[in-house]
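Following our numbering, the numbering of the sequence shown begins with -15 at its first residue and continues without gaps.
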Amino acid sequence: MNTVIPIVPLAVPTAIEGDGMGCHSGGEAMLAAAKSAGKSEVLEQYAKDYPRDAKAGPHDQPQSMCPAFGSLRVGLRMRRTATILSGSACCVYGLTFTSHFYGAKRSVGYVPFNSESLVTGKLFEDIRDAVHKQADPALYDAIVIINLCVPTASGVPLQILPKAINGVRIIGIDVPGFGVPTHAEAKDVLAGAMLRYARTEAEHGPVARPRQQAALPTVAVIGELFPGDPPGLSALLAPMGLTVAPQLPSREWRDLYAALDCQVAAAVHPFYTASVREFRAAGRPVVGSGPVGVDGTAAWLDAVGAAANVSADAIDAAKARALPAIRAALEANPIKARITVSGYEGSELLVARLLIEAGAEVPYVGTACPRTEWSDADREWLQARGTHIQYRASLEQDLAAMRDVRPDLAVGTTPLVQAAKELGIPALYFTNMVSARPLFGAAGAGSMAAIVAAQVGGANRFGRMVEFFEGVGTGTAAGYGSLGKPVEPAGARDRYRRAREAKAKAVEAMGT
Ligand code: SF4
């Protein structure tokens, strides 16, 4: 059922109430509130795991979607896992809308609150009751409860929920927009919390076997992948006597044990800091980058083989099998275009590597994710080829790079694609078009060329479109209304600016 279910309906679930608190307001006030409400430890860990740009900037608070969507998505994609949100009704509406837009097909639990239940601590009791009601071992392996911004800022103590009820694991996490910069990193918050729980279980006794026991030692791949990529990775690893473990984020609880039982963890998406910490705590080596193009695949097979103590001959055999096919695919699908790449998926550097190996010029890569050691090899490879890499890239930086470079194709987020089209620059939406294709091995090498060629080939069409719309106005004066072309009233901006300034002065004079 695709609806939000109020698990513990209160009489009047009003909007909160510490009003002005949310991603539309400054994050600093909420951060300070959360710290004084007992959330210092978790927020300090987030600050280490998901470092912000030293100069702050737009990722000081979410610039695009609510970060909690990342955790919600990870929970909703797991079998026998219930996911419950605790937050303002408007946030929950947006999050459930987005999750169903992306095809969740699962119910999202919601524990609403009002200012009284928040201030008196009744909200926590409501959450605890909701969790007890949901904890049916016939239906669930785990229940995930996510504190959004306001409950986190108010210190709702999910950490003191029971660790398990009737054998159902209870995972409480705080995912505030003022503590977790992107929805990508919020995936890691939940994946890391689940791994920690599963690792502790495995350390204390026998745990469930995976549905399909791997016949070979495994490599646990960290990051959401296109469904065709894991079989491709298995084929790459086979000559080294390795195969892939169930992927992370997992599809069911027992997969967490199987992933932890790997020989090597591969952080192909480089922002899963908490998850990597768990693999390391389990004594598993972790390698970065991914098998993209000829150079990337060779380096990745070397790194994985070395970490798994595979013989040099077996690593050479794996390379001898994989590289000629990748080289042939790249040569058969050359890309002759200048391309900028921007995104928030975490695979931006890998995509840029692949494009360059196929012949493209990529002067700029912007990623909303932070710089980590697991993308260092990609950064060095790209920088050696003249690519500027912007970590924690803001939309403004991505737009400025696009305007500066005037690429034949801009790969990016929705607002970037929109801006590119207004300029007559062909553009591709990263999430729908690039992430929905194989990236690794020979399949990845061949997959990008067709969409790039189709878009670049349409450049004239974009030019005609810009010409066609010439003169209809832009921004607030765009399009035609019922009374004709919108015209900005003369002096309106000035009048509003003066009114705003006068109001601010009056508030200052009164004090707050
Ligand atoms: S939970 Fe998400 S949508 Fe709500 S205030 Fe926080 S960042 Fe914004």
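Just so you know, even glycine gets a beta-carbon here, dropped at the ideal spot from N, CA and C. All of these numbers come straight from a predicted model, not from anything done at the bench.
Residue range of the beta strand (DSSP E) that includes residue i
i             : result
arginine 153  : 152 to 158
arginine 322  : 322 to 327
glutamate 345 : 345 to 351
valine 450    : Element bounds for valine 450: not the beta strand (DSSP E) but the alpha helix (DSSP H), 443 to 453.
glutamine 374 : 372 to 375
alanine 291   : Alanine 291 -> not in any beta strand (DSSP E); alpha helix (DSSP H) instead, spanning 277 to 291.
alanine 298   : That residue, alanine 298, is in no beta strand (DSSP E); its alpha helix (DSSP H) goes 296 to 316.
Proximity test, residue i beta-carbon vs ligand 1 heavy atom, cut-off 7 Å
i           : result
alanine 229 : no
proline 51  : yes
glycine 78  : yes
proline 214 : no
serine 99   : no
glycine 161 : yes
serine 83   : no
serine 138  : no
serine 295  : no
serine 70   : no
leucine 132 : yes
cysteine 75 : yes
Buried or exposed by the 16-neighbour rule on C-beta atoms within 10 Å, applied to residue i
i              : result
glutamate 315  : exposed
lysine 147     : exposed
arginine 477   : exposed
glutamine 439  : buried
lysine 487     : exposed
glycine 267    : exposed
leucine 444    : Just to set this straight, residue 444 is asparagine in the shown sequence, not leucine. Under this definition asparagine 444 is an exposed residue.
glutamate 262  : buried
glycine 442    : exposed
proline 473    : exposed
threonine -13  : Note that threonine -13 scores a pLDDT of 45, beneath 50, so its modelled location is shaky; the value from the coordinates is reported in the next line. So threonine -13 counts as exposed.
tyrosine 77    : exposed
glutamine 118  : buried
valine 270     : buried
arginine 112   : buried
asparagine 293 : exposed
Rounded straight-line distance, which links the Cα of residue j to that of residue i
i              : j              : result
asparagine 150 : leucine 60     : 21 Å
leucine 412    : arginine 390   : 15 Å
proline -3     : serine 101     : Because the pLDDT at proline -3 is just 35, under 50, the model does not fix this residue reliably, and the value given afterwards should be weighed accordingly. Whole-angstrom Cα-Cα distance: 10 Å.
proline 35     : leucine 285    : 29 Å
valine 491     : serine 20      : 27 Å
alanine 298    : histidine 253  : 26 Å
alanine 66     : leucine 220    : 35 Å
glycine 133    : glutamate 169  : The residue you asked about is not glycine; residue 133 is cysteine in the sequence shown. About 16 Å.
alanine 229    : arginine 180   : 17 Å
alanine 437    : isoleucine 319 : 7 Å
leucine -6     : proline 96     : A caution first: leucine -6 carries a pLDDT of 33, below 50, which makes its placement in the model unreliable, though a value can still be read off. C-alpha separation (whole angstroms): 7 Å.
histidine 167  : glutamate 28   : 18 Å
alanine 17     : lysine 23      : 9 Å
glutamine 196  : proline 211    : 17 Å
leucine 400    : arginine 311   : 32 Å
alanine 368    : tyrosine 348   : 13 Å
valine 395     : isoleucine 323 : 7 Å
glutamate 451  : tyrosine 375   : 35 Å
aspartate 382  : alanine 302    : 38 Å
glutamate 341  : glutamate 25   : 44 Å
glycine 330    : threonine 136  : 26 Å
methionine 178 : proline 223    : 32 Å
Chain-order list of residues whose beta-carbon lies under 7 Å from that of residue i (same chain, five-residue window excluded)
i             : result
leucine 498   : In this structure the chain extends from -15 to 496, so residue 498 is not present and cannot be described.
arginine 63   : Arg235 and Glu236
glycine 428   : Val276, Leu338 and Pro422
valine 164    : Tyr30, Tyr34, Pro51, Ala170 and Val173
aspartate 362 : Ser273, Leu333, Leu334 and Arg337
Range covered by the alpha helix (DSSP H) that runs through residue i
i             : result
serine 55     : 52 to 60
alanine 126   : First-last for alanine 126: 126 to 131, but that is the beta strand (DSSP E), not the alpha helix (DSSP H).
leucine 412   : Taken as a continuous stretch (DSSP letters only), leucine 412 belongs to no alpha helix (DSSP H), being part of the beta strand (DSSP E) at 411 to 413.
valine 389    : 379 to 389
tyrosine 94   : Here tyrosine 94 belongs to no alpha helix (DSSP H); instead the beta strand (DSSP E) covers 92 to 94.
glutamate 220 : For the record, residue 220 in the displayed sequence is leucine; it is not glutamate. Segment 213 to 221, the alpha helix (DSSP H) holding leucine 220.
Contact set for residue i: own chain, Cβ-Cβ below 6 Å, skip 5 residues either direction
i             : result
proline 42    : Summary for proline 42: the model assigns pLDDT 48, below 50, so the residue's position carries little reliability; its value from the coordinates is reported in the next sentence. Contacts found: Ser378.
glutamate 208 : none
isoleucine 0  : Confidence is the limiting factor: at isoleucine 0 the pLDDT is only 40, short of 50, which leaves the residue's position unreliable and the question unanswerable from this model.
glutamate 332 : Val325, Val349 and Thr351
Below-8 Å beta-carbon distance, residue i vs any chain C residue
i          : result
valine 203 : In the structure shown, chain C does not exist; there is a single protein chain.
Sequence-distant residues of its chain with Cβ nearer than 8 Å to residue i (five each side left out)
i             : result
glutamate 185 : Val191 and Tyr241
alanine 403   : Leu383 and Met386
Proximity test, residue i beta-carbon vs ligand 2 heavy atom, cut-off 7 Å
i             : result
aspartate 110 : Ligand 2 is absent from the structure shown, which contains only ligand 1.
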